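What follows is a single structure, written as structure tokens, with notes after it.
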Amino acid sequence: MHHTTLASLFLGAGVGLVAAHPAPWGKMFAEPPFPHPEPKPFPGKPTSTGASSGFSTAPASTGGFSSYSVPEGSGVSPPTVKGYVAASGSGVAAPTGTGSYSYSSSAIVSVAASSAVVSTTAVSAASNSTSSSGAAGGEVSNATASDSCTFTDVDSAVSGKADCTDIILSGIEVPAGTTLDMTDLTDGTTVTFEGTTTFGYEEWDGPLISFSGTDITIQGADGHLINMGGEQWWDGEGSNGGVTKPKGFYAHDLTDSVITGLSIKNTPIQCFSVNGASNLQIVDVTIDDSEGDGDDGGHNTDAFDVGSSTGVYISGANVQNQDDCLAVNSGTDISFTGATCSGGHGISIGSVGGRDDNTVENVYIADSTVSNSDNGVRIKTVSEATGSVKNVTYTGITLSGINDYGIVIEQDYENGDPTGTPTDGVPITELTLSDITGSVGDDAAPYYILCASCSDWTVSGVDITGGSASSDCEDYNYDHFNVTFPAQYVVQVEIDRPKKLNAFFEPMWLNLGHIFRRLSHDPDVRAIILTGAGDRAFTSGLDVQAASEGGALSNQSTDGARQGTFLRRHIQEFQDEISTIEKCEKPVIAALHGISYGLAIDMTTCCDIRLCAADTRFAVREVEIGLAADIGTLSRLPHANVPMSWIKDVCLTAREFTAEEALRVGFVSGVCGSKAETLERALELARTLASKSPVAVQGTKEVLNFSRDHTVADGLNYIKVWNAGMLQTQDVKDATLAGLQKRKTTFSKL
1 MHHTTLASLF LGAGVGLVAA HPAPWGKMFA EPPFPHPEPK PFPGKPTSTG
51 ASSGFSTAPA STGGFSSYSV PEGSGVSPPT VKGYVAASGS GVAAPTGTGS
101 YSYSSSAIVS VAASSAVVST TAVSAASNST SSSGAAGGEV SNATASDSCT
151 FTDVDSAVSG KADCTDIILS GIEVPAGTTL DMTDLTDGTT VTFEGTTTFG
201 YEEWDGPLIS FSGTDITIQG ADGHLINMGG EQWWDGEGSN GGVTKPKGFY
251 AHDLTDSVIT GLSIKNTPIQ CFSVNGASNL QIVDVTIDDS EGDGDDGGHN
301 TDAFDVGSST GVYISGANVQ NQDDCLAVNS GTDISFTGAT CSGGHGISIG
351 SVGGRDDNTV ENVYIADSTV SNSDNGVRIK TVSEATGSVK NVTYTGITLS
401 GINDYGIVIE QDYENGDPTG TPTDGVPITE LTLSDITGSV GDDAAPYYIL
451 CASCSDWTVS GVDITGGSAS SDCEDYNYDH FNVTFPAQYV VQVEIDRPKK
501 LNAFFEPMWL NLGHIFRRLS HDPDVRAIIL TGAGDRAFTS GLDVQAASEG
551 GALSNQSTDG ARQGTFLRRH IQEFQDEIST IEKCEKPVIA ALHGISYGLA
601 IDMTTCCDIR LCAADTRFAV REVEIGLAAD IGTLSRLPHA NVPMSWIKDV
651 CLTAREFTAE EALRVGFVSG VCGSKAETLE RALELARTLA SKSPVAVQGT
701 KEVLNFSRDH TVADGLNYIK VWNAGMLQTQ DVKDATLAGL QKRKTTFSKL
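Numbers 1 to 750, taken from UniProt numbering, label the letters of the sequence shown in order.
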């Protein structure tokens with residue numbers, strides 16, 4: 001992939017932002033860059049002047065909603081203000097704006113104000129009346145009193161929620177497989193979490209908590225904790241496999257509402273799902289998933305996922321997790337300010353595309369820190385999808401301890417991972433990157449941009465330092481694979497799921513295909529080694545349990561034709577991804593060890609050279625589970641130059657065969673004493689291949705594969721045409737001259 005340095009397009013520190021698409025950059029960036037407008041405060045929640053319920057409705061550290069702002073001219077509409085007045089006292093000034101203001105006791109006053117300051121005087125609940133005065137345009141209506149309801153169990157809360165507008169959820173122990181269902185609340189209801197809320201263990205999708213309604217306030221009392229108990233589910237797989245894990249908090253269909261001051265711990269996977277919301281403020285929420293750090297811990301623990309919503313304003317979030325701090329998948333008028341994000345994947349837009357709603361517009365992300373995370377600022381759109389990302393601003397973002405990229409913008413996501421080839425169906429326009437500073441780790445890169453349709457960008461004050469990884473190199477970070485460069489032009493692809501014997505499930509074979517497609521066209525790669533992590537297995541084959549939970553085996557259609565079509569497509573997809581190994585232009589060396597069953601045979605018959613350790617145990621096990629090997633073994637083994645009688649023996653009996661037997665029949669070309677020795681030999685061989693002319697090596701592989709599948713006459717004709725092109729390369733002249741001069745030849749990239 002060709003990259004173009006954008007250093008000259010950045011204003012400030014002379015840093016290099018990489019673009020992977022040599023587009024007309026003059027159209028991409030506004031000329032001259034326009035300045036970002038200064039934030040303009042909007043009216044917000046005042047600090048309470050009286051106590052009534054034993055907790056602070058506006059933390060002093062933030063000054064309540066009054067510290068929140070949306071910039072003038074950003075395109076993001078400020079929220080309709082929802083705030084509070086004290087339950088006792090008089091002359092409390094409500095903020096200018098429109099909205100409803102509710103006492104946190106049983107005396108409730110509803111205020112509608114338009115460009116006016118309205119004062120209210122609260123009285124006791126028993127009097128069931130209020131006195132008020134308002135300036136021009138302001139209206140105050142008397143409201144009825146409502147006693148507070150305290151619930152200590154789920155059943156009572158769910159059955160009694162309609163009768164109360166002041167609900168306290170006190171120390172509820174939510175049973176396994178049950179949602180704390182606070183949907184369809186009465187307009188104007190306030191719900192307070194008190195004490196510790198816990199959840200029983202069951203494998204299910206959730207959610208653990210669900211809210212909906214209009215003019216709803218959801219808040220936390222001093223010392224409360226919502227402990228979702230994620231440690232009961234965590235296995236390092238997240239939503240990609242392992243046990244089925246429940247989502248956390250559904251904030252769906254909330255209108256003119258506030259979530260404030262909640263403290264949440266150990267989310268099994270995603271915490272907040274915000275969908276169908278309108279004018280929702282989420283303020284001073286803490287999400288602590290730090291106990292989920294580690295290989296077998298939390299995964300896909302997004303803090304805030306926003307979709308199909310208008311007017312979502314998140315401020316003061318404090319997040320420690322293992323995935324996105326924010327992910328805006330669709331919606332308009334979204335604001336995310338004053339956040340502290342640690343341990344995850346950064347502050348993200350997307351992935352955008354592939355859903356019913358694929359429009360992201362008017363997003364303002366400001367004054368936040370991202371530390372010890374994979375990325376800082378991230379925008380990703382789905383390959384071949386349609387949609388749009390428009391008028392997004394990142395400003396005042398401070399980065400530290402970033403592992404991959406400070407800023408990463410990609411238009412190439414497919415099935416959750418990058419392909420390396422951007423598409424233009426989801427254009428990214430009117431993007432502002434302003435005052436983004438900080439540093440990335442030694443193995444990271446400050447910037448990575450892969451664009452096919454990007455225009456009208458403004459960049460100023462961006463200064464990200466550190467990183468030894470070149471931004472001109474492709475990034476091959478994929479779940480369950482380690483891709484390393486042990487020698488010049490040599491890549492090692494390691495299957496990395498050792499605790500599951502490197503067994504495959506759908507995201508893994510999709511990632512494998514992405515990796516080999518990219519390696520095939522990477523000029524810095526000339527030879528590839530395929531290995532398995534851990535000491536026990538190269539791969540034990542397909543993870544049947546994971547497949548039954550989310551793949552072909554999980555299809556529940558009762559129509560035979562539809563089920564058959566679904567399975568055929570699924571098998572075709574699997575075959576295509578594994579076949580990328582064989583189709584890769586570069587030679588691939590398989591270095592096997594330990595258990596090498598089923599899919600191991602499929603994959604390694606795609607490889608060009610097979611080596612194995614003495615402890616390797618092979619088997620074609622599909623007949624044991626009532627299947628014929630359908631991913632490649634039965635089609636490729638007959639072309640592997642091994643006896644057909646032996647092939648039928650091992651495939652029909654499903655018996656295990658050893659490394660010695662594999663060598664004897666010619667299935668492998670070498671056996672080494674240990675895994676380490678096998679890798680050493682594979683690396684030596686890869687270095688040798690990488691030292692040759694890439695034109696010659698890749699051409700030889702192509703012709704050999706063609707000749708294997710065609711007649712001798714067809715093969716002779718193919719090499720005649722092929723060599724007519726290859727003989728014109730400078731490599732032939734250089735190699736001939738080097739031979740005469742008795743010196744080593746250095747070949748250029750291909």
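All residues carry an ideal CB built from backbone N, CA and C; glycine is no exception. All values derive from a computational prediction rather than experimental measurement.
Which whole-angstrom value is the C-beta distance of residue i and residue j, which I expect to be below 8 Å?
i, j, result
"Ile595", "Thr633", "The Cβ separation is near 16 Å, so there is no contact."
"residue 771", "Ile428", "In the structure as shown, the chain begins at 1 and stops at 750. Residue 771 is therefore absent and cannot be evaluated."
"Gly297", "Gln322", "7 Å"
"residue 787", "Cys612", "Outside the displayed span of the chain (1 to 750) sits residue 787, for which this structure offers no information."
"Leu399", "Val370", "5 Å"
"Glu494", "Thr531", "5 Å"
"Ala251", "Phe211", "6 Å"
"Ile609", "Leu679", "That pair is no contact at about 14 Å."
In whole angstroms, what is the alpha-carbon distance linking residue i and residue j?
i, j, result
"Arg568", "Ala628", "14 Å"
"Thr150", "Ser309", "31 Å"
"Gly666", "Gln232", "48 Å"
"Gly171", "Trp509", "44 Å"
"Thr604", "Lys675", "16 Å"
"Ser156", "Glu573", "49 Å"
"Thr580", "Lys701", "14 Å"
"Ser48", "Asn275", "Only weak support exists for where Ser48 lies, its pLDDT of 31 falling under 50; the value from the coordinates is given anyway. C-alpha separation (whole angstroms): 30 Å."
"Ile379", "Asp289", "23 Å"
"Leu180", "Ile365", "31 Å"
"Asp522", "Thr421", "12 Å"
"Gly223", "Gly350", "34 Å"
"Gln411", "Cys454", "9 Å"
"Asp705", "Glu582", "Going by the sequence as given, residue 705 is Asn instead of Asp. Rounded to whole angstroms, Asn705 to Glu582 spans 9 Å at the Cα level."
"residue 772", "Leu225", "Residue 772 is absent from the structure shown; the chain starts at 1 and stops at 750."
"Asn482", "Ser159", "51 Å"
"Gln730", "Asn723", "13 Å"
"Gly26", "Val389", "Interpretation of Gly26 is limited by its pLDDT of 30, a score under 50 that renders its predicted location unreliable; the figure taken from the coordinates is listed afterwards. Between Gly26 and Val389, the C-alpha separation is close to 19 Å."
"Gly89", "Thr196", "The predicted position of Gly89 is uncertain, since its pLDDT is 30 and thus under 50; a value taken from the coordinates is nonetheless stated next. C-alpha separation (whole angstroms): 32 Å."
"Ala19", "Ile449", "Bear in mind that the predicted position of Ala19 carries a pLDDT of just 35, short of 50, making it too unreliable to give a figure here."
"Leu637", "Pro643", "9 Å"
"residue 771", "Cys651", "Any answer about residue 771 is impossible in this case: the structure gives the chain only from 1 up to 750."
Ignore the nearest five residues each way along the sequence and tell me which others in residue i's own chain have a CB closer than 6 Å to its CB.
i, result
"Ala537", "Leu501, Asn502, Gly594, Ile595"
"Val319", "Ile287, Ala303, Cys325, Cys341"
"Asp187", "Thr214, Asp215"
Looking at residue j and residue i, is the spacing between their C-beta atoms short of 7 Å?
i, j, result
"Thr423", "Glu384", "yes"
"Asn511", "Tyr478", "yes"
"Gly461", "Asp443", "no"
"Thr192", "Ile168", "yes"
"Glu203", "Val243", "yes"
"Ala682", "Ala591", "yes"
"Asn391", "Gly346", "no"
"Gly338", "Ser373", "no"
"Ile464", "Gly406", "yes"
"residue 820", "Val426", "The structure shown does not extend to residue 820, since the chain is modelled only from 1 to 750, so the question has no answer here."
"Gly541", "Gly598", "yes"
"Lys247", "Gly206", "yes"
"Ala327", "Asp305", "yes"
"Asp163", "Ser148", "no"
"Val76", "Asp333", "yes"
"Asp256", "Asn279", "yes"
Between which residues of its own chain and residue i is the CB-CB distance below 7 Å, once the five residues before and five after are set aside?
i, result
"Leu519", "Val491, Val525, Ile528, Cys584, Lys586"
"Glu237", "His299"
"Thr178", "Val154"
Can you tell me whether residue i is buried or exposed, with buried defined as 16 or more other CB within 10 angstroms of its CB?
i, result
"Asn329", "buried"
"Ser239", "buried"
"Arg562", "exposed"
"Lys161", "buried"
"Leu716", "exposed"
"residue 786", "Residue numbering for the chain in the displayed model covers 1 to 750; residue 786 lies beyond these limits and cannot be assessed."
Take residue i and list the residues in its own chain whose beta-carbon comes closer than 8 Å to its own, dropping the five residues that flank it on each side.
i, result
"Val721", "none"
Does any C-beta atom of chain D lie closer than 7 Å to the C-beta of residue i?
i, result
"Gly331", "The structure shown has no chain D; it contains just one protein chain."
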